[in-house]
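Let me begin by presenting the structure, written as structure tokens, before commenting on it.
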Amino acid sequence: MVRHYCFLKKTIVVVLLTSCSVSLLRAATKQPLTPEACTAVRYLTAGDVTDSSSLQISPDGTKLAYVLQVPDVQANNNKEELYVTAIDGPSPTNLSPLASSQRIAAVRWLPDGKSLSLLVRRSGKIVLARLELATKTEKIIWEADNDITDYSMDATGETIAIAARLAHSGQPSSQAHKDSDKGYRVDLASTARSERPRRIAVILRRGDKNQWHVAQKVEFVSPLTGRLVSDITENASLHINLSPDGLYLVLDNVENFSDVPKDGIWGSSPIVNNMRNTGLEGVVVSYLYDLSTKSASIPLKSPLVRSISWAPDSKSFLAVALAPAQSTWEASDVTKGSLNDHITHMFSIDMRTNSVTEVLERAEKPPIAWTGTDHILLRSADGRLTQLRNVNGQWIRERSMQIPIDDLSPYSALTSDGHRVVVEYENARTSPEIIVFDPSTNETKIVARLDPQMDKFLLPKSEVVTWTTSTGYKAKGLLLLPPDYDSSRRYPIVIENGSLLYHGQFVCDSGIDHVSSWPRGILADDGILYLMRFWPGITDWESNYYPKGLPGSLAEVAFKQDLVESAIEMLDQRQVIDLQKVGLVGFSRGGWYVEYALAHSRFPFRAASATDNVLYSTGEYWMSHNQTEFRAHEGLYGGPPYGDTLKNWLDYSISFNLDKVHTPLLTEVMGYGKQDNDPDRPPDNLAIHEELLVGLSRLHRPVEFYYYPNEKHQPEHPQARIASLHRNIDWFRFWLQGYETPTPQEADQYKRWEQLRNDILVGQSGGGLRKH
Numbered sequence: 001m002v003r004h005y006c007f008l009k010k011t012i013v014v015v016l017l018t019s020c021s022v023s024l025l026r027a028a029t030k031q032p033l034t035p036e037a038c039t040a041v042r043y044l045t046a047g048d049v050t051d052s053s054s055l056q057i058s059p060d061g062t063k064l065a066y067v068l069q070v071p072d073v074q075a076n077n078n079k080e081e082l083y084v085t086a087i088d089g090p091s092p093t094n095l096s097p098l099a100s101s102q103r104i105a106a107v108r109w110l111p112d113g114k115s116l117s118l119l120v121r122r123s124g125k126i127v128l129a130r131l132e133l134a135t136k137t138e139k140i141i142w143e144a145d146n147d148i149t150d151y152s153m154d155a156t157g158e159t160i161a162i163a164a165r166l167a168h169s170g171q172p173s174s175q176a177h178k179d180s181d182k183g184y185r186v187d188l189a190s191t192a193r194s195e196r197p198r199r200i201a202v203i204l205r206r207g208d209k210n211q212w213h214v215a216q217k218v219e220f221v222s223p224l225t226g227r228l229v230s231d232i233t234e235n236a237s238l239h240i241n242l243s244p245d246g247l248y249l250v251l252d253n254v255e256n257f258s259d260v261p262k263d264g265i266w267g268s269s270p271i272v273n274n275m276r277n278t279g280l281e282g283v284v285v286s287y288l289y290d291l292s293t294k295s296a297s298i299p300l301k302s303p304l305v306r307s308i309s310w311a312p313d314s315k316s317f318l319a320v321a322l323a324p325a326q327s328t329w330e331a332s333d334v335t336k337g338s339l340n341d342h343i344t345h346m347f348s349i350d351m352r353t354n355s356v357t358e359v360l361e362r363a364e365k366p367p368i369a370w371t372g373t374d375h376i377l378l379r380s381a382d383g384r385l386t387q388l389r390n391v392n393g394q395w396i397r398e399r400s401m402q403i404p405i406d407d408l409s410p411y412s413a414l415t416s417d418g419h420r421v422v423v424e425y426e427n428a429r430t431s432p433e434i435i436v437f438d439p440s441t442n443e444t445k446i447v448a449r450l451d452p453q454m455d456k457f458l459l460p461k462s463e464v465v466t467w468t469t470s471t472g473y474k475a476k477g478l479l480l481l482p483p484d485y486d487s488s489r490r491y492p493i494v495i496e497n498g499s500l501l502y503h504g505q506f507v508c509d510s511g512i513d514h515v516s517s518w519p520r521g522i523l524a525d526d527g528i529l530y531l532m533r534f535w536p537g538i539t540d541w542e543s544n545y546y547p548k549g550l551p552g553s554l555a556e557v558a559f560k561q562d563l564v565e566s567a568i569e570m571l572d573q574r575q576v577i578d579l580q581k582v583g584l585v586g587f588s589r590g591g592w593y594v595e596y597a598l599a600h601s602r603f604p605f606r607a608a609s610a611t612d613n614v615l616y617s618t619g620e621y622w623m624s625h626n627q628t629e630f631r632a633h634e635g636l637y638g639g640p641p642y643g644d645t646l647k648n649w650l651d652y653s654i655s656f657n658l659d660k661v662h663t664p665l666l667t668e669v670m671g672y673g674k675q676d677n678d679p680d681r682p683p684d685n686l687a688i689h690e691e692l693l694v695g696l697s698r699l700h701r702p703v704e705f706y707y708y709p710n711e712k713h714q715p716e717h718p719q720a721r722i723a724s725l726h727r728n729i730d731w732f733r734f735w736l737q738g739y740e741t742p743t744p745q746e747a748d749q750y751k752r753w754e755q756l757r758n759d760i761l762v763g764q765s766g767g768g769l770r771k772h
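According to this note's numbering, the sequence shown holds residues 1 to 772 in order.
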């Protein structure tokens, strides 16, 4: 592949020979993207402690605090660094971090504007700390017995609500010890619920000499289940929110379906029943806890609440949530299309009357800011900023404006104090930056370029493409092209069949999402086209276009296959791709989409990769051993793999369709900290996925299988990310381009793959395998 290019700006009309020579010289200094370079990119954090924004404007509007994730390849970990910079004046080029740790989260300005509160890991535990900017001194506000996972503070900074992780006992009970001697009975009733991590919530108050003490533990009887709630589910997207006046606390909790009453509004709710039948664990309820009476209510009877935002006067709060059970909004959603857990509204809950009104029929994110007691600023799906005003319970649009930044993602991190807007800016060809926008002057300013080193790398070209599925759904994607793209050629292509869809981020790799098997821009630099589908938003949900006639909820995966096949047809008609060189890559649920397509699609894919995915296999069904998984699998196939519904499993489950898979498949499985204890029982996640390894191997089908014992679902450690990127790049380049990296380290790898390729050729000559 040619590595040197001559880039010419559109504004240049006449180009002298000397200017092109200069361009060639400059282009010659640029390097193709590499896994190492992409892994080193710094992003704003979106951590696993809390998903709170790391962009925070000071109370006086003069300073910006933000947190970056900084990979350290040699140490094989990530640091998180806290920065504070002036919003006005020249942007610093060499800003030093105020704090550094393996975990920094939930940074918030304290009322004095001179200090910050933050969650930070110190001595192996996440604590709540205060950082004085002038002296750069840090003082611990509170530490619990275990990690603090979230906190919320009132407007004065005198009351704090914290959520802290409960310890998990690794030791069996004394009864289990006794039973081990005699044997003990195993039954499914004991596995009725998934064992999620739990946490407690407590209220802290400031006393004399700035000493903090626990004023009360948050516990109450749930008005939904009638059970005592003394601890809540731990999840980064479940928050606790203290009202500005410090009198009320909203806290989110997952209530298992086995505890939710089957009568009343919850039992007759179509959305609740749909959630139950599709295998979700339970409903996500926001409880309103009264600190004075120590009792709780559910003012918004929604089965899934995604975010809460208090009004400055504490007289109301906003929630982005599914429609309340048995409400007129729910009835309207039912008539408009297929039910799913993404058709969220924005509601306003009035504390004085306990009434609920709709702010927006469709909303994905909470408001950017309250600009007054009755005014909010939000960002709509098209990226525009819109200000709404509450007039007698009705929210009226007052004004709307576009942020004057080209190709700004409508989902990038963004914050505002009501006067200026700060946004993380990145797109396919722009590495992350932080930009300030002043709506009064319409001016923008770069506050920080997070990765100026990316200027020396070649970036792929890109093109927005659209296509229509067989059921009429209009899809939109971003097609990455090589920097020297030639429109007269047909190229190999890799199509991302993902559950995490593209939403406008930098395409070096998967970005802060850390899907290490998505070598987006790197493959494009190496001459392989790469197609990603845009996140479609929630106004015209794709479930309305699912094919008919399939058992259970299999229409979902059949629709994903249709998306890929119709994209291939579109690109083939445009004479862009080589039909004999199409690859698929999927992560998580998207890996299931990939494996289903390999067994059922009419297209002969040349190579595929699936990473840490759900399988919906028989092995996964019985090994998961809990009611939530049973419901998910039986909901998918219309019943269990026994009796009348066995045929559905035989027809569609990967367990019984491996013989139809002829595509070389690279599988990567994460271990969540569990080593492979061979010859003892392997970890469950590894054992579940080995069903494919064993089956494909016994069928003499090309398969490569890797296990990452120290990684979670989305790998974080830099060395694992780099290794996974290299494997996926090598895999697709080998099968789609016939290319082998000329380094000794990969010699054994290519010997295995060459043998796999030879086996395919032997099978083709004998008629045993489907030809590509």
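Glycine included, C-beta positions come from ideal geometry on N, C-alpha and C.
### Query
Quick one: Cα of Leu224 to Cα of Val260, how far?
Rounded to whole angstroms, the separation of the alpha carbons of Val260 and Leu224 is 7 Å.
### Query
Leaving out five residues before and five after Ser295 in sequence, what residues of the same chain have Cβ atoms less than 7 Å from its Cβ?
Phe220
### Query
Hey, is the region 53–67 in contact with the region 104–122, meaning 3+ C-beta pairs nearer than 8 Å?
yes
#### Entry: Where His713 falls: helix, strand or coil (DSSP)
coil
### C-beta contact flag for Gly586 and Gly498 at 8 Å
yes
### Task
Report all residues from its chain with a CB closer than 8 Å to the CB of Asn710; omit the five preceding and five following residues, and keep chain order.
Gly671, Gly673, His717 and Ala720
### Query
Just checking my contact of Met346 with Leu300 at CB under 8 Å: how many whole Å lie between their CB atoms?
Between Leu300 and Met346 the Cβ distance is about 11 Å, and since that is not below 8 Å, they are no contact.
#### Entry: Proximity of Ile403 and Val423 at Cβ, strictly below 8 Å
yes
### Query
Would the region 562–577 and the region 601–612 be scored as touching if the rule is three or more Cβ pairs under 8 Å?
yes
### Query
Which two residues bound the contiguous alpha helix (DSSP H) that contains Phe559?
Ala555 to Gln573
### Query
With a CB to CB cut of under 6 Å and the five nearest residues on each side skipped, what residues in its chain are close to Leu68?
Its chain contains Arg42 and Glu81 as the residues whose beta carbon lies nearer than 6 Å to that of Leu68, once the 5 sequence neighbours on both sides are disregarded; these appear in chain order.
### Message
So Tyr596 and Glu542 are supposed to be a Cβ contact under 8 Å. How far apart are they, rounded?
### Response
Actually they are not in contact, since the Cβ atoms of Tyr596 and Glu542 sit about 16 Å apart, beyond 8 Å.
### Query
Just reading off the alpha helix (DSSP H) that Trp266 is part of, what are its end residues?
Gly264 to Gly267
### Message
Can you look up Pro452 in the DSSP assignment and give me helix, strand or coil?
### Response
helix
### Task
In the DSSP assignment, find the alpha helix (DSSP H) that holds Trp622 and state where it starts and stops.
Thr618 to Ser624
#### Entry: Inside the region 85–152 only - beta strand (DSSP E) runs reaching at least 3 residues
99–101, 104–109, 115–122, 125–132 and 137–142
### Query
For Gly767, does the count of other Cβ atoms within 10 angstroms reach 16, so buried, or fall short, so exposed?
With a pLDDT of 42 at Gly767, under the threshold of 50, the modelled position of this residue cannot be trusted, and the question is left open.
### Task
Evaluate Asp455 with the Cβ neighbour count: other Cβ atoms within 10 Å of its Cβ, from every protein chain shown; 16 or more gives buried, anything less gives exposed.
By the 10 Å Cβ count, Asp455 comes out exposed.
#### Entry: Bridge-paired residues (DSSP) for Gly583
Paired residues: Val494 and Ala607.
### Task
Mind reading off the beta-carbon distance from Glu234 to Thr149? Whole number of angstroms is fine, and I expect it under 8 Å.
6 Å
### Task
Taking the CB atoms as reference points, tell me whether Thr444 and Val436 lie closer together than 8 Å.
yes
### Task
For Asp578, I'd like the list of residues in its chain whose CB is within less than 6 Å of its CB, leaving aside the five on either flank, ordered along the chain.
Arg490 and Pro492
### Task
Please report how far the alpha carbon of Lys262 lies from the alpha carbon of Asn273, in whole angstroms.
10 Å
### Message
Report the CB separation of Leu696 from Val661 in whole angstroms; it is logged as a contact under 8 Å.
### Response
7 Å
### Task
Ignore the nearest five residues each way along the sequence and tell me which others in Trp592's own chain have a CB closer than 7 Å to its CB.
Taking Trp592 as the centre and dropping the five residues before and after it, the same chain places the C-beta of Val557, Asn613, Val614, Leu615 and Tyr616 closer than 7 Å to its C-beta, in chain order.
### Query
Where does Val49 land, buried or exposed, given buried means 16+ other C-beta within 10 angstroms?
buried
### Query
Short check: CB of Leu133 to CB of Ser115, under 8 Å?
In this structure, Ser115 lies closer than 8 Å to Leu133 by Cβ.
### Message
Tell me the rounded alpha-carbon separation between Asp290 and Pro452.
### Response
One C-alpha to the other measures close to 49 Å.
### Task
Answer yes or no: do Asp509 and Pro460 have a C-beta to C-beta separation smaller than 8 Å?
no
### Task
Indicate whether Thr29 and Ile522 have their beta-carbon atoms separated by less than 8 Å.
No; because the gap between Cβ atoms is not below 8 Å, this pair is not in contact.
### Query
In angstroms, rounded to a whole number, what distance separates the CA positions of Pro377 and Trp310?
Note on identity: in this sequence residue 377 is Leu, with Pro being the wrong assignment. So the two alpha carbons sit approximately 13 Å from each other.
#### Entry: Close Cβ partners of Gln755 (< 7 Å) along its chain, the five nearest in sequence each way excluded
none
### Task
Could I get the ranges of all uninterrupted alpha helix (DSSP H) runs contained in the region 397–462, with 4 residues as the minimum, in chain order?
Qualifying alpha helix (DSSP H) stretches: none in this window.
### Task
Give me the Cα-Cα distance between Val391 and Arg399, rounded to the nearest whole angstrom.
15 Å
### Query
Skipping 5 residues on each side, what residues in its chain have a beta carbon closer than 6 Å to that of Gly124?
none
### Contacting residues, own chain, Cβ-Cβ under 6 Å from Ser230 (five flanking each side not counted)
Sequence-distant Cβ neighbours of Ser230 in its own chain, meaning closer than 6 Å and more than five residues away, are Glu219.
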